[in-house]
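A.B. asks:
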Amino acid sequence: MRRIPAALLAATALCAWTWQATVQAAETPARPPIAAFGKVPAMTGVVLSPNGQQLAWIDNSAPRQVVEVLDLANSKRLVQMESEQGLIVRALEWSDDDVLLVHNNFTITVPLNRGREQYNWVRISALNVRTRKMQVLLHKGRDFSFATGASVLAPRTATPGHVVMSSWSFDMTNHRGETGTNIASGRKYSGWTYNAYDVDTRTGKGKQIAEGTAFTDGWVVDSQGQPVARVEWEPQRLRFSVLYRRGLAWKEIFALEDGQRPTVFGVTGDGAALWMLATLGHSHQALWRLPIDGSAPQVVIKNDEYDITGPLFDPYTGELQGVWRGGEDPKILWLDEKAQKRSAALRKTFGGYYAHVVGRSANNSRVLVDVSSTTKPSIYYLIDYQRGAADIVGEQYPALVNVTLGEVRTIVYKARDSYQIPAYLTLPPGLEAQRLPLVALPHGGPQSRDILNFDWLAQFLASRGYAVIQPQFRGSTGLGEAHAKAGYRQWGGLMQDDVTDAVKAMVEQGIADPARVCIAGASYGGYAALAGAAFTPELYACSISINGVSDLPMMLGYEKVSAGSQSNELAYWTDHIGSPFDANVIAKSPARSARTIRAPVLVLHGSEDTIVPIEQAQTMVTALRAADKKHKFVELPGEDHWLSRSESRIRVLTEMEAFLDEHLSPQPVGVE
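The sequence shown begins at 930 in my numbering and counts up one residue at a time.
1) DSSP state of Thr1102, grouped into three classes?
2) Count the other CB atoms within 10 Å of the CB of Ala1178; is the residue buried (16 or more) or exposed (fewer)?
3) For Asn1292, count neighbouring Cβ atoms within 10 angstroms of its own Cβ and tell me buried if that reaches 16, exposed if not.
4) Apart from the five residues just before and just after Trp1385, which ones in its own chain have a Cβ nearer than 6 Å to its Cβ?
5) Write down the C-beta distance between Arg1393 and Pro1466 rounded to the nearest angstrom, noting that I regard them as a contact closer than 8 Å.
6) Assign Gln983 to one of three DSSP states: helix, strand, or coil.
7) With burial defined as no fewer than 16 other Cβ atoms inside 10 Å of the residue's Cβ, what is the status of Gly1106: buried or exposed?
8) Would you mind sorting Thr941 into buried or exposed? The rule is 16 or more other CB atoms within 10 Å of its CB.
9) At what residues does the alpha helix (DSSP H) containing Trp1502 begin and finish?
10) Measuring alpha carbon to alpha carbon, tell me which of Asp1265, Gly1239, Lys1231 and Asp1233 ends up nearest Thr1246.
11) Tell me the rounded alpha-carbon separation between Phe1073 and Gly1135.
12) By Cβ distance below 6 Å, which residues in the same chain neighbour Ala1215 in space, the five residues on each side in sequence not counted?
13) Cα-Cα, which of Gly1407, Ala1431, Lys1517 and Ser1377 is closest to Glu1418?
14) Is the Cβ of Gln1363 closer than 9 Å to any Cβ of chain B?
15) For Gly1141, count neighbouring C-beta atoms within 10 Å of its own C-beta (all shown protein chains included) and say buried if the count is 16 or more, exposed if not.
16) Quick one: what does DSSP say Pro1519 is sitting in, helix, strand or coil?
17) For the putative contact between His1592 and Ala1470, defined by C-beta atoms under 8 Å, what is the C-beta separation to the nearest angstrom?
18) Bridge partners of Phe1183, per DSSP?
19) When you compare the CB positions of Phe1169 and Gln1153, do they come within less than 9 Å of one another, or not?
20) Under the three-state reduction of DSSP, which class applies to Val1478: helix, strand or coil?
21) Measuring only the C-alpha atoms, how far is Lys1561 from Gln1425?
22) Quick one: Cα of Pro1473 to Cα of Leu1007, how far?
23) Kindly indicate which three-state DSSP category His1213 falls into: helix, strand or coil?
24) Who are Ser1057's beta bridge partners in DSSP?
25) Tell whether a beta-carbon distance below 9 Å holds between Leu1219 and Val1171.
26) DSSP beta-bridge partners for Gly1147?
27) Find the nearest neighbour of Ser1095 within the set Asp1299, Leu984, Arg1085 and Ala1125, judged by alpha-carbon distance.
28) For a quick check, are the C-beta atoms of Leu1370 and Val1598 less than 9 Å apart?
29) Exposed or buried, Met1585, counting other C-beta atoms within 10 Å across all chains shown (16 or more means buried)?
30) Just mark Asp1027 as buried or exposed, buried being the case when its beta carbon has 16 or more other beta carbons within 10 Å.
31) So the beta strand (DSSP E) Trp1204 belongs to, where does it begin and stop?
32) Taking the alpha helix (DSSP H) that Gln1269 belongs to, which residues open and close that run?
33) So if DSSP puts Met972 in a beta bridge, which residue, or which two residues, is it bridged to?
34) State the Cα-Cα distance for the pair Arg1175 and Phe1242, rounded to the nearest angstrom.
35) Which runs of the alpha helix (DSSP H) at least 4 residues long sit entirely within the region 1527 to 1559? Give them in chain order.
36) Looking at the unbroken beta strand (DSSP E) that takes in Trp1121, where does it start and where does it end?
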């Protein structure tokens, strides 16, 4: 039997002062065990049903995930369903009060003439919480047998028991229509098209309601869930276009041919325009109205310093409520006055901590809130306005609830060209910020960013006595188009220099001990860790790569084989990294510069990583061995790119702790 959160069953009402006392009491400087950080969040995907009577979440506390559904009226468990072997539940969402949509993915290995290829596949199922029957959606018939990339466009439609989804579909007619001059090695000529479907959640069967093309990159649906616009991207021509549906015909209303790829994501309340995020000549990404009559886009929200990013929608009306403003400390810019007031009241209630609404009932009587900060992992609260109560649903990291974690500072440092770069500095609790051992922790992507919120890896390192610097180097998002694009074709170049300069800034300020600096990271961050050891060997005492890239031409070759020679993926990575035949790209591959490495290297890699294949790690290890360099290789059996399993995260942290202790000799923080 799995325990229902006691605080939820007891329905203990908490006022603001009680909540603050709860998180501030019993804090201790004791050093938390590795598992306190390494276990994946105990509770994720928490969602509230439209009627506010059912709560669902993913329980990650056991070896296999469990989907839990609770009837709040009588504290009765409706569902306790263990995931299938090999499946990872990524998200949940309610279609109606009886049907829960379960988003799964899994890795499959396909035998091919050239060897074995691993693919990460997506499956979406409908779980009836009353009957406990599960039905896989849009996976009926031969044309979907090998399809992936399915997504839910509208979890609720005008037809009860139906959702609208998009997925790739195989069109044999298009496939057979290839000519002898075309090679069927990419998306354009393969017969695959990206279409929209009306799907019955009871049977899983789908009916095509809108047909895309080989270049369709996304769909926009209206408040009834009907596809009204589609987005096209042609990588060879660098052409972006938006087509609007008029009856049975599609009319192009907007196009760009300069390589820009705006994000089109919804319909305005008056139905006269689409919402779009784009730069369109501005220095930073802005929110635009894109009129369906084909007239020029109009700016709605812009900022001269930061990008406007992720939209926030009302889950029931589809109205745009606000957007995120990027920067060192992202903020929500509200369009919906009621939502803005609710957000401000929640933050005040929870003592100024981040308090984000992650779900609500259709009548607004109950709200689900994620409360957190840089030093406090997420705690989920269910607020019942009729009762005037806030009940704890559960915590993501229960073992860290009352633990003192590292202070996180937002800083800005100068790169060698005097360019100002923001960064996050996490300091070990209880230690002075003077001559500390330092871990440089560049993020993945590289077109991504760190967020000013709880970071399990950075806080783990801080708990072991290390200062952690996370530079938002050029190539990172949220800081403007110029900042992001400055990272193009700068793997091992400008992006790496920015990381190097972050370390030097910490040394110059007396925060870091220059003899005790390590560089670590995952994905692109893993590449940066290896590149740091190879190209600035005098700077680092050690290097740790987690699922990192080591050979750039080989990585581009993998994308060509796995995604197709004409795929968006290959076009993007070629544009971002460069040609595999470019001498500079070859030279910036750490595996081809192993002889210059001085520091010990720890390489960890998931055996089922489909984003960066494990061959990247094996290539690096072979090069290190041939160059007689000190290293250790740890394969993580059955693990994917995101370290989705607790046992893998704990193994990674265990290996990192021992490796760092050996090479950096940290000052102790607390006791075991």
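Note that CB positions come from ideal geometry on N, CA and C, so glycine has one too.
C.D. replies: So, from the listed chains and residues:
1) The pLDDT assigned to Thr1102 is 41, lower than 50, so where the model puts this residue is not dependable; a value taken from the coordinates is nonetheless given after this. Shown here, Thr1102 sits in a helix according to DSSP, grouped into three states.
2) Under a 10 Å Cβ-count criterion, Ala1178 is classified as exposed, with fewer than 16 other Cβ atoms of the shown protein chains found around its own Cβ.
3) Exposed.
4) Here the set comprises Phe966.
5) Between Arg1393 and Pro1466 a beta carbon distance of about 24 Å is seen, past the 8 Å cut, so the two are scored as non-contacting.
6) Residue state, collapsed to three classes: strand.
7) Residue confidence is low: Gly1106 scores 37 on pLDDT, short of 50, so the model does not pin down where it sits. No coordinate-derived value is stated.
8) Any reading at Thr941 must be qualified, since the residue scores a pLDDT of 31, below 50, and its modelled position is unreliable; the value itself is stated next. Result: exposed.
9) Here the alpha helix (DSSP H) through Trp1502 covers Asn1497 to Ile1506.
10) The option with the nearest alpha carbon to Thr1246 is Asp1265.
11) For Phe1073, the predicted structure reports a pLDDT of 48, less than 50, and the residue's modelled location is therefore unreliable. A value from the coordinates is still provided. Going from the Cα of Phe1073 to the Cα of Gly1135 covers about 10 Å.
12) Only residues of its own chain outside the window of five on either side were considered, and among them Val1228, Lys1231 and Ile1237 have a CB closer than 6 Å to the CB of Ala1215, listed in chain order.
13) For clarity, residue 1418 is Arg in the given sequence; the question names Glu instead. Checked all of Gly1407, Ala1431, Lys1517 and Ser1377; the closest Cα to Arg1418 is Lys1517.
14) No chain B is part of this structure, which consists of one protein chain only.
15) Counting Cβ neighbours within 10 Å, Gly1141 comes out buried, since at least 16 surround it.
16) Reduced to three states, the DSSP call for Pro1519 is helix.
17) Cβ-Cβ separation between His1592 and Ala1470: approximately 5 Å, consistent with a contact (criterion under 8 Å).
18) For Phe1183, the pairing in a beta bridge is given by DSSP as Val1171.
19) The criterion of a C-beta distance shorter than 9 Å is not satisfied by Phe1169 and Gln1153.
20) Val1478: coil per DSSP, three-state reduction.
21) In a straight line, the C-alpha of Lys1561 is about 23 Å away from that of Gln1425.
22) The sequence given here has Ile at residue 1473, not Pro. When only Cα atoms are considered, Ile1473 and Leu1007 end up about 45 Å apart.
23) DSSP places His1213 in the coil class of the three-state scheme, outside both helix and strand.
24) Contrary to the premise, residue 1057 reads as Asn rather than Ser in this sequence. Asn1057 has Val1028 as its beta-bridge partners, per DSSP.
25) In contact: Leu1219 and Val1171 (Cβ atoms closer than 9 Å).
26) Within the DSSP bridge table, the entry for Gly1147 names Val1160 as partners.
27) Closest option to Ser1095, Cα to Cα, is Ala1125.
28) It is not a contact, given that the beta carbons lie outside the stated cut-off.
29) Burial call: buried.
30) Here Asp1027 is buried. Its C-beta has 16 or more other C-beta atoms within 10 Å.
31) Counting along the chain, Trp1204 sits inside the beta strand (DSSP E) bounded by residues Ala1202 to Ala1207.
32) Gln1269 -> alpha helix (DSSP H) spans Glu1266 to Thr1278.
33) DSSP links Met972 through a beta bridge to Asp988.
34) Taking the straight line joining both Cα atoms gives about 25 Å.
35) Within the region 1527 to 1559, the complete alpha helix (DSSP H) runs of at least 4 residues are 1544 to 1555.
36) Trp1121 to Asp1129 is the span of the beta strand (DSSP E), which, as asked, contains Trp1121.
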